[in-house]
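S.K.:
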Amino acid sequence: RQHAPHEAGSQRPLHRPGVVRPRTGSCQGHTGRSSGGRARVRRGVKKSLGRRGALADDAAVIPSAPSTVLTGAASGLGRAFALELAARRARVFLTDIDEAGLAETAREAERLGATVRTARGDVARREDWERIHGEATGWLGPVDLLINNAGVAVGGPIGEIPLEDWEWITRINQWGPIYGCHYFLPAMRQRGRGHVLNVASIAAFACAGDMGPYNVTKAAVVALTETLAGELAGTGVGATVLCPFFFTTNIAKNARSSSSTVTPTGLEKIMKRTPVQAADVARLALEACARDRLYVFPHNEAKGIAAFKRLVPEIFLRRMGPFAAKSARRVRL
745 RQHAPHEAGS
755 QRPLHRPGVV
765 RPRTGSCQGH
775 TGRSSGGRAR
785 VRRGVKKSLG
795 RRGALADDAA
805 VIPSAPSTVL
815 TGAASGLGRA
825 FALELAARRA
835 RVFLTDIDEA
845 GLAETAREAE
855 RLGATVRTAR
865 GDVARREDWE
875 RIHGEATGWL
885 GPVDLLINNA
895 GVAVGGPIGE
905 IPLEDWEWIT
915 RINQWGPIYG
925 CHYFLPAMRQ
935 RGRGHVLNVA
945 SIAAFACAGD
955 MGPYNVTKAA
965 VVALTETLAG
975 ELAGTGVGAT
985 VLCPFFFTTN
995 IAKNARSSSS
1005 TVTPTGLEKI
1015 MKRTPVQAAD
1025 VARLALEACA
1035 RDRLYVFPHN
1045 EAKGIAAFKR
1055 LVPEIFLRRM
1065 GPFAAKSARR
1075 VRL
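With positions in the sequence shown counted from 1, the corresponding number in this note's numbering is that position plus 744.
1) So, with DSSP's three-state summary, where would you put N892?
2) Give the secondary structure of S936 by DSSP, where H, G and I count as helix, E and B as strand, and everything else as coil.
3) Below 8 Å on the Cβ atoms is my contact criterion, and I expect A824 with A1022 to pass it. Report the Cβ-Cβ distance as a whole number of Å.
4) Using the rule of at least 16 other Cβ atoms within 10 Å of the residue's Cβ for burial, across every protein chain shown, is V1056 buried or exposed?
5) Label G974 either buried or exposed according to how many other C-beta atoms from any shown protein chain fall within 10 Å of its C-beta, with 16 as the threshold for buried.
6) Alpha carbon to alpha carbon, how far is P921 from A834? Give it in angstroms, no decimals.
7) Helix, strand or coil for G865? Go by DSSP, reduced to three states.
8) What first and last residue would you give for the beta strand (DSSP E) that runs through D842?
9) Of all the options A858, N893, C1033 and P886, which has the alpha carbon lying nearest to the alpha carbon of S819?
10) Just to confirm the assignment, what range does the alpha helix (DSSP H) spanning L972 have?
11) Thinking C-alpha only, which one of G953, A897 and R933 is nearest T961?
12) From what residue to what residue does the beta strand (DSSP E) around T881 run?
13) K885: buried (16+ other C-beta within 10 angstroms of its C-beta) or exposed?
14) Let me confirm a value: R851 is counted as buried when at least 16 other C-beta atoms fall within 10 Å, else exposed. Which label applies?
15) Can you tell me whether H1043 is buried or exposed, with buried defined as 16 or more other CB within 10 angstroms of its CB?
16) If you measure between the beta carbons of T969 and V985, is that distance less than 7 Å?
17) Grouping DSSP H, G and I as helix and E and B as strand, with all else coil, what is R823?
18) Over the uninterrupted alpha helix (DSSP H) stretch that includes A948, give me the two end residues.
19) How big is the Cα-Cα spacing for T979 and P901?
20) Leaving out five residues before and five after Q918 in sequence, what residues of the same chain have Cβ atoms less than 6 Å from its Cβ?
21) Name the residue from P957, G982 and V940 whose alpha carbon lies nearest to the alpha carbon of T815.
22) Would you identify the three-state DSSP class for V1040, choosing helix, strand or coil?
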């Protein structure tokens, strides 16, 4: 996408000082458990963002130390984002409903060099977003980067999942990013500068059984970001959607399930087996924002799923059910 030019020298590539930029290659992805497999994943992480080396200063679309609003910051991927931004000496406004976890993230980020402020906030509540917006902009001033990261999981067959669980996940996973964009995008548009990073999942493409609410809400996040990409073209504001496969995080902690196959315990087992860490995913996503990439698929598996479905969607969906069932048995969900 084309963007309006920025002031000369006002933008620098978003990278961690002293760290070599990614070079050539596709997306990383290896599901092995050996140290060799982990090493290959790490090498893939370094290669995952395209054919060019370090960006020129005028090629990045957000500053190297962006003023950032981050939701779901108390643990997991949210904490990884906070620490990666801290290493870049960013100013970060962190929010979550878990105040203890939020405080720990803030302490760790400050030790790494970030300037941090926190606020308890429930992304499902409009009134909380109004307060978060006021506090964040009052402290940060112009916001360079909004990361809509907060999310939850619900499993079970459609028709058996309680409607209350559908409503719960929709308010968090879908309405959270909608609210975030509603409150923070107008100022970015007016300023002609900024970026939105929405955290979705490869589940938005895979649509595996017994994961209906999660699939639906993450697909909505992808659609929201794709719509933004079209609306924001030429404005100087960008949008990126992150679509990872399984990686080490704690989304299973608060998951709800009405399924005998997709359970919080089973999700934890899968995540413990992957060599991909939350820090890897956060780093890749931030680099993608710097390059104004629309999609981030930080696993080869995720990239393959998205491509397969787009090429032959009906064949893909017919095969996904048996494949998901086989995978569930293999990890003893």
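Backbone N, C-alpha and C define an ideal beta-carbon position, used for all residues, glycine too.
M.R.: Taking the coordinates as given:
1) In this structure, N892 counts as strand in the three-state DSSP scheme.
2) What sits at residue 936 in the sequence shown is Gly, not Ser. In the three-state scheme derived from DSSP, where H, G and I count as helix and E and B as strand, G936 is classed as coil.
3) 4 Å
4) exposed
5) exposed
6) Approximately 22 Å, taken between the alpha carbons.
7) The three-state reading of DSSP puts G865 in coil, since its state is none of H, G, I, E or B.
8) Per DSSP, D842 belongs to no beta strand (DSSP E) and is neither H nor E.
9) Residue N893 holds the alpha-carbon nearest to the alpha-carbon of S819 among A858, N893, C1033 and P886.
10) Segment G956 to L976, the alpha helix (DSSP H) holding L972.
11) Minimum Cα distance to T961 is reached at A897.
12) Premise fails: T881 lies in the alpha helix (DSSP H), R870 to L884, not in any beta strand (DSSP E).
13) Before going further, note that residue 885 is Gly rather than Lys in the sequence given. With fewer than 16 Cβ atoms within 10 Å of its Cβ, G885 is classed as exposed.
14) exposed
15) buried
16) yes
17) helix
18) A947 to A950
19) Going by the C-alpha atoms only, they are around 42 Å apart.
20) When the five nearest sequence neighbours on each side are left out, the beta carbons in the same chain lying within less than 6 Å of the beta carbon of Q918 are those of T961 and A964, in order along the chain.
21) V940
22) Here V1040 sits in strand by DSSP.
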